[in-house]
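Chains as they are written, first to last, in our numbering: chain Y, 43 to 395; chain R, 985 to 1461; chain X, 244 to 534; chain A, 979 to 1256; chain P, 8 to 90. This report concerns only the one structure given below.
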């Protein structure tokens, strides 16, 4: 077990720079999730950590050791691939035991560890099968088993759940989390799914276009997104954004959208006339008589909650309300917004004000 | 003869033939009248005489008679295979097949061939005034059946002769050096010992002067029957071992024990002499067939050699292929004591009289038309140009033609030798099983050549195999 | 859905052609193999002689020798082609300038007719005159004579075969390597396998189907090799390169030994099919069946 | 991971290419040497080429007709084998026919037959059995096209099977749902998807047919002779005309080179012997 | 690993999808899957091999080839029915 330090890492492919000075510190035993849209560089970063990609500049250290030039097998890591990367010609037993066999461990130790891992992952029945004779979840667990037996300092997961169906994904999420709690090993986990990130991580690293946008605990990111990107990325359904400016109408500072929609403004030091982007999460909107009037577009009940899409001109806002709610399309609805939950962003820099 | 030369010659011949257009034309036109629309098909080896037929005689014939003649020319082994398959299966693809002198006995034994004498006798309308069996040299006798009738029209005939380099043999410095070394005058060898001595001398001469020159040619391919033929047709007879050492009259005996000679001491001596010659021969000799022997000699890499007559022509005369044009002399092969007397006395022969004929398969569907074409190529009139384009003589009259006489000069007297000494040579023995027996013995023979088996053991084994094979084939009882 | 009838209709022309031009001749050959038949024997007809040809063949030293040299040839040639082909295929996996041109050049021998290949190599290898023996002798003092040295002749044929057929192996291996998923290789790196271990544990098993399929084709073709050898050595020196194809050729062409020649062919075909069948059922069929 | 040095690769490949090209170069050298120079000390560098052989070969009407025969036969055979092989592989990969794996293997065995001994039965069949009236298959182009199937059709099936297996069955099913007939599915959906495999099969069967010698030499006489059989006409007891043979060889190389060049880029994509699936 | 307990993860028993069926073990004694045609082929192969070996080694000792044929036939029956 070890801490991982990613220091000002840069990646170039020829003249094309795809990673622009990434810094991440990962503490011992921490579950860190790298999240971002596809192409943001999160997988590349993970592969650099694994030693599968060359580091163009900067350093990566695992424990006390700078591993830039250390080949993957000496980094004391284990990795679970999106495709699971099971060896199709080897049985489950041989797949799980492969790293140990490569390390030339005695047979009895291999045996003990493989059966141990199989017990944990409930694979004991399938040890003699080949990967193609397993279901998706089982294959996934074989891949994890192969990681577990190595007893590494760091686990690397590269979108391990993306090939599973929705229900199974929830189960496996719990399983990985439980595994982490049991083993206490540092885990670096890559996903594009912010729910996975929110539910599993101790610490989330949000990336975009080869840059780190924000690092923090899940709820930190939720409560205090550093910019529009993070705000929009974290949370589901995602945050509403309305473009407009701060106006002062009769001494009341308010937000007026480009379409003329007036919304309540939180405390802010920004002067009147500042062009801002107004952000409010759907779950922070309630329906009340005194709210902002809008026209209903669609109402989507999910049972426990109801999502209401409404618009004013070209400004769309949706709300997630606890109560059952019915309304005909195009009827009027009033959204109440607590200014305390509103996030304001600079329209130019997209940074939080 | 390269193709261009041949084609030029053929164009010449065509115009010549046209100019000579004579009374016989009427015969051909009339005789061919019933066969208009027929296409004759023949298969032959793509040797120069055959190519001459394909390129010159066949078109001439077609022009004269309106009968189209297609000649398929291919390699030696393919030709046999195709002709045999056709005749065996009775498909009637071919109206003419090439008959090599040594396979005629096989064909006759199987009744593959039409009796042309009989055919012409039965159809007097087909008999050309210019065609006469009496025109042929004695070589035609090889293609006669037991009834004395002709089963093939001879189209090529050669003898395997002793070629030597006149420029070397007549060089005074070399003569002096030879005299100094051996104590005798340098002249074409008449005995085997002399032949070896000359080979050794020129081998050393080549080495000392850093020349690409060796003492003799040896047709010693270690995986091709050419080497077997050089031994049985050329070397063994000069030691007095005839007909492969097999006694056909004595139940085809091959071993000494049964009355044959294949593994006799003389046979072993002959083979040993020939094998020893290889040390003075050019390095490629163990990959040489009749083809490469010619090429080796033509490239000036050998001072003397036993070379097939069909190659003598281009070696002596064709400067697009040969570096020794005008430097070639011919002689009789070296002989062991008493052999010449024996041969003169009518027993045996001193070398190979080789050649072939065009036969008419029994399975042909156009026998009459084919007979016309065979007569056409057998006429004296077409021979001289043919002999010039592809040195071969099958009609006695051909020797006297001025063009052939000129050619004779160029070839160092080869035609004279063919005419005057031809009787000393003979075709292959009258066995119907040449290829069968040869291939059965070949692996053992090759093992002698590679040194895996000694001459004595090898010949003993070959003689046994020969008898066993002949028993299996049903000839030896 | 589709009925099996359509399947059989689609297969029918293939099966018909193979039946009329492959199976019927084979049946005829089997029929002849139980006969003594040489059109130039004293009795030129086909005579049924039971299993006598088969009795003869098991003691036929020439035939057994030809089987031996053929097996040796096929082993040497196919294994060398695999090794060389694999090295070249791996070398093609990297990017370098002019790769496309080099690859095209490398595949050129494939398009040459065996009979031409045999001729060219014969001319290059003719003792003393051929360019290879000539310069080997002139530069290194090595004498190579395929007319006297069985080893030289055998080696020449193998080198010629490698030259001629490695490109096919290279191409199939490139195709196999290109289609490999990268993940297992990266996984193996992380799992601590070194290059050698990756090669034997991951690469080899994963390209094994392609390798076996290639070996299969090469095996079939190498066993039938005739033209090149016929041109180059004619089976010599002695019987050093008299492969079964050449042996059969000599038996049925000059010797016109149709009966016994058929027997040899039947046995050769038998041995080939058994070898290929074993290879097929053990290496290839299980994979294709389970997918 | 590792930086590879292009210089090393280029040097390595130049060496390999030299070894590959040398015999082909030598073939060319022989074709432009007058016969008289062939059997003397060889020179590596070509000087003063002699084009007489080319003039002869080009001017030979027989060789020109052989060239046409070769083109017709090998192209016809390659097309036939590729199309029939495609149908056969489609059947083998899509239908659950009893014993189809055995069938697959047994079609391949046709390629294993040592050719020499099959010539006699083929000759007999083609002259006496496969004959109608005056027409017989022997010495016809169509006959050679069919005979070459014995070794090329197995090869086509062998090469195309993985390609067909690699195309998901769902595509066929989707097309059926969209209302396509079996024939349309095969010709419009599956066939175009197999293009790389078909291209490789076409080119390799073409090359095999183009280069075949023994069957052509035996089973043709006048009308269907191919270029390779033309070669044998220059191996004679009175001298092998190496120069002419080499020239013909160069001529046989050119069409093969063109055909090969056209599909170079498909070759790797299409050669999927035993491709691994996930 | 030894310091962790090996009880299955709490979620592991949530078996979700169907595990694909593994091909059923073959019925016969031959080490590979076969159909009747394969077994006939194997029998023929054995018959030929046995005959050839018999010709070479046993027949010279005086035992007739028919014994070999009988053995091969018996083997064939066994293989085709039970393989």
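Cβ atoms here follow ideal geometry from the backbone N, Cα and C, with glycine treated the same way. Since this is a predicted model, take the numbers as computed values, not measurements.
Starting from residue i, find everything on chain X with Cβ-Cβ shorter than 9 Å and list it in chain order.
i	result
residue 1012(A)	Ordered by position in chain X, no residue passes the 9 Å Cβ test against residue 1012(A), which lies about 15 Å from the chain.
residue 52(P)	513, 516, 517 and 520
residue 129(Y)	427, 430, 431, 444, 445, 448 and 449
Since residue i and residue j are thought to touch, with beta carbons under 8 Å apart, how far apart are those beta carbons, to the nearest angstrom?
i	j	result
residue 466(X)	residue 447(X)	That belief does not hold up - the Cβ atoms of residue 466(X) and residue 447(X) are roughly 24 Å apart, past 8 Å.
residue 64(Y)	residue 254(Y)	6 Å
residue 1022(A)	residue 1225(A)	Not confirmed; about 20 Å, so no contact.
residue 1057(R)	residue 1035(R)	6 Å
residue 1237(A)	residue 1167(A)	The pair is not a contact, with the Cβ atoms about 27 Å apart (cut-off 8 Å).
At the level of alpha carbons, what is the spacing between residue i and residue j?
i	j	result
residue 983(A)	residue 50(Y)	28 Å
residue 998(R)	residue 1362(R)	Here the model assigns residue 998(R) a pLDDT of 49, short of 50, so the residue's position is not dependable and the matter cannot be decided.
residue 204(Y)	residue 222(Y)	19 Å
residue 45(P)	residue 259(X)	21 Å
residue 526(X)	residue 1086(A)	16 Å
residue 1242(A)	residue 501(X)	43 Å
residue 1087(R)	residue 278(X)	24 Å
residue 255(X)	residue 1130(A)	16 Å
residue 1244(R)	residue 263(X)	49 Å
residue 32(P)	residue 184(Y)	Because the pLDDT of residue 32(P) is 47, which lies under 50, any placement of that residue in the model is unreliable, and the number read from its coordinates should be weighed accordingly. Taking the straight line from one Cα to the other gives about 24 Å.
residue 439(X)	residue 428(X)	12 Å
residue 1096(R)	residue 1071(R)	6 Å
residue 944(R)	residue 1170(R)	For residue 944(R) there is no data in the structure shown, the boundaries of chain R being 985 and 1461.
residue 1106(R)	residue 1015(R)	14 Å
Against chain B, with Cβ distances strictly below 8 Å, would residue i count as a contact?
i	result
residue 290(X)	Absence of chain B from the displayed structure is noted, the protein chains being Y, R, X, A and P.
On a Cα-Cα basis, can you pick out the residue from the options that is closest to residue i?
i	options	result
residue 1145(R)	1456(R), 1288(R), 1457(R) and 1443(R)	1288(R)
residue 1083(R)	1118(R), 1139(R) and 1042(R)	1139(R)
residue 1318(R)	1124(R), 1402(R), 1086(R) and 1220(R)	1220(R)
residue 1147(A)	993(A), 1091(A), 1164(A) and 1131(A)	1164(A)
residue 1334(R)	1015(R), 1223(R), 1034(R) and 1202(R)	1223(R)
residue 504(X)	419(X), 523(X), 366(X) and 276(X)	276(X)
residue 284(X)	1274(R), 1091(R) and 1104(R)	1091(R)
residue 104(Y)	127(Y), 119(Y) and 94(Y)	119(Y)
residue 493(X)	1040(R), 1420(R), 1329(R) and 1369(R)	1420(R)
residue 1200(R)	1164(R), 1131(R) and 1278(R)	1278(R)
residue 1275(R)	1013(R), 1386(R), 1067(R) and 1060(R)	1060(R)
Residue i versus chain X: which residues are under 7 Å apart at the beta carbon?
i	result
residue 108(P)	The question about residue 108(P) has no answer, for chain P in this structure spans 8 to 90.
residue 144(Y)	434, 435, 436 and 440
residue 1416(R)	283
Give me the chain R residues within the contact set of residue i, using Cβ-Cβ distance strictly less than 8 Å, ordered along the chain.
i	result
residue 371(X)	1266, 1267 and 1268
residue 389(X)	1271
What in chain P is Cβ-close to residue i, meaning under 9 Å?
i	result
residue 1077(A)	42, 43, 44 and 45
So residue i contacts chain Y; which residues on that side make the cut at Cβ distance below 7 Å?
i	result
residue 279(X)	Within 7 Å Cβ-Cβ: nothing; residue 279(X) doesn't reach chain Y, min ~52 Å.
Along chain Y, which residues have their Cβ under 8 Å away from the Cβ of residue i?
i	result
residue 494(X)	The contacting residues do not exist; residue 494(X) stays about 44 Å from chain Y at best.
Which residues in chain P sit within 7 Å of residue i, going by Cβ to Cβ distance?
i	result
residue 1080(A)	42, 44 and 45
Could you list which residues in chain X have their beta carbon closer than 8 Å to that of residue i, in chain order?
i	result
residue 1436(R)	481
TODO: Using a Cβ-Cβ cut-off of less than 7 Å, list which residues of the stretch 497-514 of chain X approach chain P; keep chain order.
DONE: 513
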